[in-house]
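Going by numbering that gives the first Met the number 0, the first residue of the sequence shown is number 0, and it counts up by one from there.
Backbone N, C-alpha and C fix where the C-beta goes; we use that ideal spot for every residue, glycine too.
Notes follow the structure.
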Amino acid sequence: MGDAVMELGEKELEKIGRYVQNHLGEWAKDSNILEFRTQREIDLLERMVRVEEGLKNIAEQMKKGFESMEKRFEQIDKRFEQVDKRFEQVDKRFEQVDKRFEDMQHYMDRRFSQLQWMIGIGFTAITVLMGLINFLK
């Protein structure tokens, strides 16, 4: 048996197109295509809401992390201030020790100078005595 082949012209194709456009909504309602589409849209909207909530949660966690890091940096700054104060105290102690050494050095220089004079006077006295002893003999 032969199949009848029907050739369609432009006008017939346009009529078919208009007919399909006019009845597509009704067919979609009957075949639950719109229900599937709306359910899919609802699923996508729920997924977007979950993603937004997740992003909001991540942003809050990042904010908390930054705040805790800021607190840690403040603690480190306080520790550095304490270390600076300790170094200042150590510097003051070294300055005191340096002053003591300088005072001791001035004292030792004065004592050494006195000792030189005494030794000089002693040698002079011995020399004079030896000269007198030699002269009297």
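Would you report the Cα separation of Ile120 and Asp97, rounded to the nearest angstrom?
By one-based count along the sequence shown, residue 120 stands at place 121. By one-based count along the sequence shown, residue 97 stands at place 98. Going by the C-alpha atoms only, they are around 34 Å apart.
Neighbourhood of Val82 by C-beta distance below 6 Å, restricted to the same chain and skipping five residues each side:
By one-based count along the sequence shown, residue 82 stands at place 83. Here the set comprises nothing.
Skipping 5 residues on each side, what residues in its chain have a beta carbon closer than 8 Å to that of Ser112?
As a first step, residue 112 is located in the sequence shown; it is residue number 113 there, counting from the start. Cβ neighbours of Ser112 beyond the five flanking positions: none.
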